[in-house]
Ligand SMILES: C[S@@+](CC[C@H](N)C(=O)[O-])C[C@H]1O[C@@H](n2cnc3c(N)ncnc32)[C@H](O)[C@@H]1O
Ligand code: SF4
Ligand code: SF4
C-alpha cells in the first residue's frame, strides 16, 4: 500500500470506529450514569484488589446453549457427556433484570449459540436495552430466516470462527464442519448487510500447529469476504482442567518460536498491504503486573444459571460461584468464593484453574486437592 492508500485506510477505519462508537452511545448502552458508575468503580476495585465490591459486572458471557453440532478436539464441549440445557427467553430477561449495569453481553458460551432458536430474539432484546451484544458462531446454522434477521441487527457483532484458509485444514480442526458452506454463509451475511455498518461481521482464528501455515492466506480470505476484522489468537485454554492438556499442549504455539513470529509478521504485512484490519493475541494473558480483571468487572453465566468466574473456565464442574436462579446474583457476587478468588488474584496467589492464563506449569494433584478444600467443594 502506498502513502495515500495507507492514509485512506487509516482514516476510513477511524471514521467507521467513530460511527460504531457513536451508535453505541446513541443506543444508550455506554452512558447512563449507573453504567458509568459501575464501569469506573469496577476498574478501581480491581486496581485496589477489593475483596467486597459494590460495583456490579458491566459485561458478561451468557451461554444460550451448552451443546454443539461440531466436535473440535481442543474444545471441552466435544468431551462433555451431559444433557443439553437451553436458556429460555424468560430466563434471559430475568438475568437482564438481575444485572442492571451491563454494557456488553457476549451471548455465547460452550456450544453453538445459533442452536438456541431464541438467540436472535435475545440479541434484539439486548439491543433494545442499549447493550452491546456479540456472538461467536461456527457459521454453520444458516437459513434464509436466520440470515435475514441477523443482517437486520443494529448493535451486534457477529464473529465467525475460521480456523483455516483451506477446506482440508478447516475441516480437520472443525470436525463436522464444511469449509465451503461456512465461507458462503459469511459472504452472504456481508452481502445482505450491504452498506450498513451493523451488524459488525468478524472472523476469529485459534492459531495452532495445525493451521499456522495458513495465517497469511486467512488474512487474504478475510479481505475477499469483506469482513470488518480478523482476530488471530494463539492463546489456548485448557478450561482449568488438566485432562484437557493432552489435546492442547501438542498444538500450542503461544510460546516463543521463530516460525510463529515469521508467520505473524507475514500476516501483519499482508494485512497492511491489502488493507485488512487484523488483531493478534499472543503471549501470556495475565501476570502479577497485569492482573486478571474478571472477578471485579465480568462474569460467566452458564445456560443453567451457574455462575463461573470467566469464559476461560466456562464449566461449573471446575468452579461454581453460585446459581443465579437459586439466589440473587448480587449475593453471589460478594459471597465467600468470590471474595476468596479476589483475594488470591490480588495477592498473586493464583488458583490452579487460572494457571494457563498466568503462564504457569500444571500444578500437582495435591495442589488441586488443596484448592478444592479451600473452595469448599
Ligand atoms: C467455544 S466456541 C463457541 C462458539 C462457536 N461454537 C464457535 O466455535 O465459534 C468459541 C471460540 O472458542 C474457540 N476455542 C475452542 N476451543 C478453544 C481452546 N481450547 N482455547 C481457546 N479457544 C478455543 C473456538 O474456536 C471459538 O472461536
Ligand atoms: S464449534 Fe465451537 S463449541 Fe463447537 S466444538 Fe467447535 S469450538 Fe467447541
Ligand atoms: S481462568 Fe482465572 S485468570 Fe483466567 S480469566 Fe478466568 S479468572 Fe481470570
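Residue numbers (this note's numbering): 1 to 377. Just so you know, even glycine gets a beta-carbon here, dropped at the ideal spot from N, CA and C.
Opposing strand residues paired with residue i [DSSP bridges]
i: residue 160; result: 137 and 203
i: residue 322; result: 307
i: residue 281; result: 233
i: residue 104; result: 59 and 132
i: residue 300; result: 61 and 308
i: residue 86; result: 65
Cutoff 6 Å; reference residue i; Cβ partners in own chain excluding five residues on either side
i: residue 358; result: 286 and 350
i: residue 162; result: 203 and 205
i: residue 41; result: 55
i: residue 200; result: 157 and 228
i: residue 226; result: 190
i: residue 365; result: Reliability fails at residue 365, whose pLDDT of 32 lies under 50, so the model's placement of it is uncertain and no value is given.
i: residue 172; result: none
i: residue 110; result: 66, 77 and 314
i: residue 39; result: 58
C-alpha gap between residue i and residue j, whole angstroms
i: residue 220; j: residue 274; result: 8 Å
i: residue 318; j: residue 54; result: 26 Å
i: residue 119; j: residue 144; result: 15 Å
i: residue 327; j: residue 268; result: 48 Å
i: residue 48; j: residue 169; result: 45 Å
i: residue 386; j: residue 348; result: Absent from the model: residue 386. The displayed extent of the chain is 1 to 377, so no value can be given.
i: residue 166; j: residue 179; result: 7 Å
i: residue 122; j: residue 45; result: 30 Å
i: residue 177; j: residue 37; result: 44 Å
i: residue 81; j: residue 59; result: 29 Å
i: residue 153; j: residue 91; result: 22 Å
i: residue 291; j: residue 279; result: 21 Å
i: residue 71; j: residue 182; result: 15 Å
i: residue 68; j: residue 43; result: 35 Å
i: residue 32; j: residue 188; result: 36 Å
i: residue 192; j: residue 139; result: 15 Å
i: residue 260; j: residue 352; result: 28 Å
i: residue 105; j: residue 50; result: 24 Å
i: residue 24; j: residue 129; result: Because residue 24 sits at a pLDDT of 48, beneath the cut-off of 50, its placement in the model cannot be relied upon, and the point is left open.
i: residue 245; j: residue 95; result: 33 Å
i: residue 78; j: residue 85; result: 15 Å
i: residue 339; j: residue 329; result: 14 Å
i: residue 345; j: residue 224; result: 43 Å
i: residue 289; j: residue 262; result: 28 Å
i: residue 363; j: residue 254; result: Any reading at residue 363 is ruled out, since the residue's pLDDT is 41, under 50, leaving its predicted position unreliable.
i: residue 300; j: residue 75; result: 17 Å
Burial state of residue i (16 or more Cβ within 10 Å)
i: residue 360; result: exposed
i: residue 211; result: buried
i: residue 243; result: exposed
i: residue 195; result: exposed
i: residue 148; result: exposed
i: residue 101; result: buried
i: residue 99; result: buried
i: residue 337; result: buried
i: residue 342; result: buried
i: residue 116; result: buried
i: residue 186; result: buried
i: residue 305; result: buried
i: residue 197; result: exposed
i: residue 307; result: buried
i: residue 174; result: buried
i: residue 258; result: exposed
i: residue 164; result: buried
i: residue 83; result: exposed
Residue i and residue j closer than 9 Å at C-beta
i: residue 64; j: residue 303; result: yes
i: residue 234; j: residue 208; result: yes
i: residue 133; j: residue 157; result: yes
i: residue 218; j: residue 266; result: no
i: residue 97; j: residue 131; result: no
i: residue 354; j: residue 240; result: yes
i: residue 247; j: residue 73; result: yes
i: residue 334; j: residue 52; result: yes
i: residue 93; j: residue 124; result: no
Spatial neighbours of residue i in its chain, beta-carbon cut-off 7 Å, leaving aside the 5 residues before and after
i: residue 294; result: 309 and 310
i: residue 35; result: 58, 101 and 103
i: residue 142; result: 185
Cβ neighbours of residue i in the same chain (closer than 8 Å, five flanking residues each side left out)
i: residue 277; result: 13, 228, 229, 230 and 271
i: residue 137; result: 108, 112, 113, 114, 158, 159, 160 and 161
i: residue 88; result: 118
i: residue 127; result: 27, 133, 153, 154, 155 and 156
i: residue 250; result: 209
i: residue 298; result: 57, 58, 59, 60, 61 and 310
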